[in-house]
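Right, one structure below, let's go through it.
Chains as they are written, first to last, in this note's numbering: chain A, 66 to 431; chain B, 66 to 431.
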């Protein structure tokens, strides 16, 4: 229903980023119910949406705090959350200074995997008169960051306990990447549990039992309870979802809450429709869905974005008889919502077809 | 040489976008000399840098005006240029309203390929009391936008001459895409000349000889004079250059004027170095250079960015004995500078190793 201060979708200049608030609320309820049922703490990764408003909705729905990756995200999310986890090594004087300048009331925890990062953080925290929580980052097989062995985890955890300005709180890991999740989700969960068990046993034996065991991402979200020892999950994408998440079965198409509104600008090349959402509006991110491409129409998922240049999206209309005219509008669900959101200044918030408000994507940049 | 108000590179929080001003100036001189020598007008595409400051430098070096793709770019560039070409179909009431609100003194020209776009533009221009120049967009084989045949070009040009609020100025095309330029640059230039000749002959025979014949992009830049009939070129990338441009031979590595400063944040996984510039700082754009990957180090071009996640860049150090420590800084030349610049709020401007100023990437968004 449109209220007096709502504005119609038609009034937006395209391309425009849209968030369907009914779908967001349903997505929030689902993950809140799931984590409550399984006794997991829910600390959503806010890199997906980069807005204070959506973090506030997540907290209101039951999230225990915000996960962030950058100083800017920490700054923006600390305006609405008093418990912030930086799931990223805090390296460099500039980054550390920004973190130490967060509100004194913010409970800050960071992830790290090296003594260099620990030393720098400890020094900055002592100088700032803060105590910063630290999680040891474990490599659970993604081979991106993280200590490699239980012995290395014990050594780093022990170093944390003897460093001033920081407090040892536990361990953190990223549970493998999307492709692995698609092809062998079951196997990778068993492997995760086994590998994680090795780390947890070694830490416990050394008197360093982790209070926090933080994992969980959107692709494996609904099976997080099968990973023994996990205390907290950090899904980012699931609040908005995207084409890749639907492709791996971690959401239904009807749970996709983000789309980019675009206008048909050319049909001059026969059999092709060009829209004004290109790589600068949708992001040129690999597709996991059948048929490839960079996105699909929300209301016609058989119409794919098969090519992107900076300001042009090329729609493949070969699977349909639909032939739009120049000026017609469409909504595109991109492959990867985090990358797409990051290209927009504002998210326009919909109830049905009415724009009720807009949110600044305030945590873009660093 | 550092001046009193310069600041050191070390003071920047990473990732940070850098522009080497000495290299920019050399790149500007080269294209200015080339276009002067061959009697071509130079109208750089400003989507590459999206800054008013760099457009001003291009105009000072001899550019005749600015090329833009979006209303925001038109707005920002019209603050420094009184001659703006929108090389994009102006479709949609919101976009048209924004274009009509440009300063009255701005000579505006737009490209289009449909009667729908022409009708909307004519109506908006008449309502605004403006006369907008129009170029007929030709498809020269890229199959993205553009009329398909000389007959269609004549019909659209004729329609322009009978529409109020607009003035027929000529034709425009995009000379094929990068991959074609790599594999068959010579062949594609011959083909372009032939195909373009067909369009120009038909228009001339119909009494619609184009005053402007606008083409030219960075990959084919230095052979633009071989395309018979061309009056103007619109290279974007060449002011900054990037790894793909070097890979196709359209610039030397030493002409790359853009890089992203990054910090090593993890070396925990053996044989791998992780930096804090990921896909949100470098853009995940296909590489044309040997070895693949998403970028290479400015000072060590044999070190490739072989993987990207949102805030992590994975360096492949297998081709070198260089093993940086956590905290060390590097500069990355991305594959595609336009996509990378678009991810940054500001460009930090260097003379040597000193930051002399920064420019807002003011034309991001639409």
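Where a beta carbon is used, it is the ideal one built from N, C-alpha and C, also for glycine.
The straight-line gap separating the alpha-carbon atoms of residue 373 of chain A and residue 350 of chain B is approximately 11 Å.
With contacts defined by Cβ atoms closer than 8 Å, residue 94 of chain A and residue 100 of chain A do not form a contacting pair. Contact annotation: residue 103 of chain A and residue 290 of chain A have beta-carbon atoms nearer than 8 Å. Interface annotation for the segment 159-172 of chain A against chain B: 159, 160, 162, 163, criterion Cβ-Cβ distance under 9 Å. By the neighbour-count definition (other C-beta atoms within 10 Å, threshold 16), residue 335 of chain A is an exposed residue. Think of a sphere of 8 Å around the beta carbon of residue 306 of chain A: no beta carbon from chain B falls inside it, the nearest being about 17 Å out. In this structure, DSSP gives residue 430 of chain A a state outside helix and strand, which the three-state scheme calls coil. The Cβ of residue 143 of chain B sits no closer than 8 Å to any Cβ of chain A. When beta bridges are read from the DSSP output, residue 72 of chain B appears opposite B/420. For residue 375 of chain B, a Cβ of chain A is located within less than 8 Å of the residue's own Cβ. Setting aside the 5 residues that flank it on each side, residue 136 of chain B is surrounded in the same chain by 160, 163, 164, 431, each with a C-beta closer than 7 Å to its C-beta; the list follows chain order. Per DSSP, residue 331 of chain B lies in no alpha helix (DSSP H) segment; the continuous beta strand (DSSP E) that holds it begins and ends at 323-331. Counting C-beta atoms within 10 angstroms of its own C-beta, residue 216 of chain A has fewer than 16 neighbours from the protein chains shown and is therefore classed as exposed.
DSSP places residue 100 of chain B in the uninterrupted alpha helix (DSSP H) bounded by 86-102. The continuous alpha helix (DSSP H) containing residue 159 of chain B extends over residues 158-165. Look at the beta carbons and you see the segment 310-329 of chain B not touching the segment 170-190 of chain B: under three pairs across the two are nearer than 8 Å. Using a CB distance cut-off of 8 Å, residue 266 of chain B does not count as an interface residue toward chain A. Residue state for residue 234 of chain A is assigned as strand, using DSSP reduced to three classes. Residues of chain B whose Cβ lies closer than 7 Å to the Cβ of residue 331 of chain A are, in chain order, 154, 178, 179, 210. Between residue 392 of chain A and residue 328 of chain A, the beta carbon gap of about 7 Å places them in contact (Cβ cut-off 8 Å). Secondary structure at residue 110 of chain B: strand, using DSSP grouped into helix, strand and coil.
In this chain, the beta strand (DSSP E) harbouring residue 337 of chain B covers 337-340.
In this chain, the alpha helix (DSSP H) harbouring residue 137 of chain B covers 136-142. Here residue 411 of chain B carries a strand assignment [DSSP, helix/strand/coil]. For residue 108 of chain B, no chain A residue has a Cβ inside 8 Å of its Cβ, as the nearest lies near 17 Å away. Residue pairing from DSSP places residue 148 of chain A in a beta bridge opposite A/172. Following the DSSP letters along the chain, one finds residue 399 of chain B in no alpha helix (DSSP H) but inside the beta strand (DSSP E) bounded by residues 394-399. Interface annotation, residue 431 of chain A: in contact with chain B, CB-CB separation under 8 Å.
The alpha helix (DSSP H) runs lying completely inside the segment 287-320 of chain A and spanning 4 residues or more are 308-312, given in chain order. For chain B, the residues of the segment 394-406 of chain A that bring a beta carbon within less than 7 Å of one of its beta carbons are 403, 404, in chain order. Ranked by Cα distance from residue 197 of chain A, the first of A/141, A/206, A/88, A/183 is A/183. Under DSSP, residue 378 of chain B shares a beta bridge with B/340, B/373. The beta carbons of residue 293 of chain B and residue 237 of chain B sit about 16 Å from each other, so the pair does not count as a contact at 8 Å.
Contact between the segment 213-233 of chain A and the segment 267-282 of chain A is established, with three or more Cβ pairs separated by less than 8 Å. Around residue 424 of chain B, the same chain offers 116, 118, 412 as residues with beta carbons nearer than 6 Å, after the five sequence neighbours per side are excluded. Contact between residue 307 of chain B and residue 323 of chain B holds, since their C-beta atoms are separated by about 7 Å, short of 8 Å.
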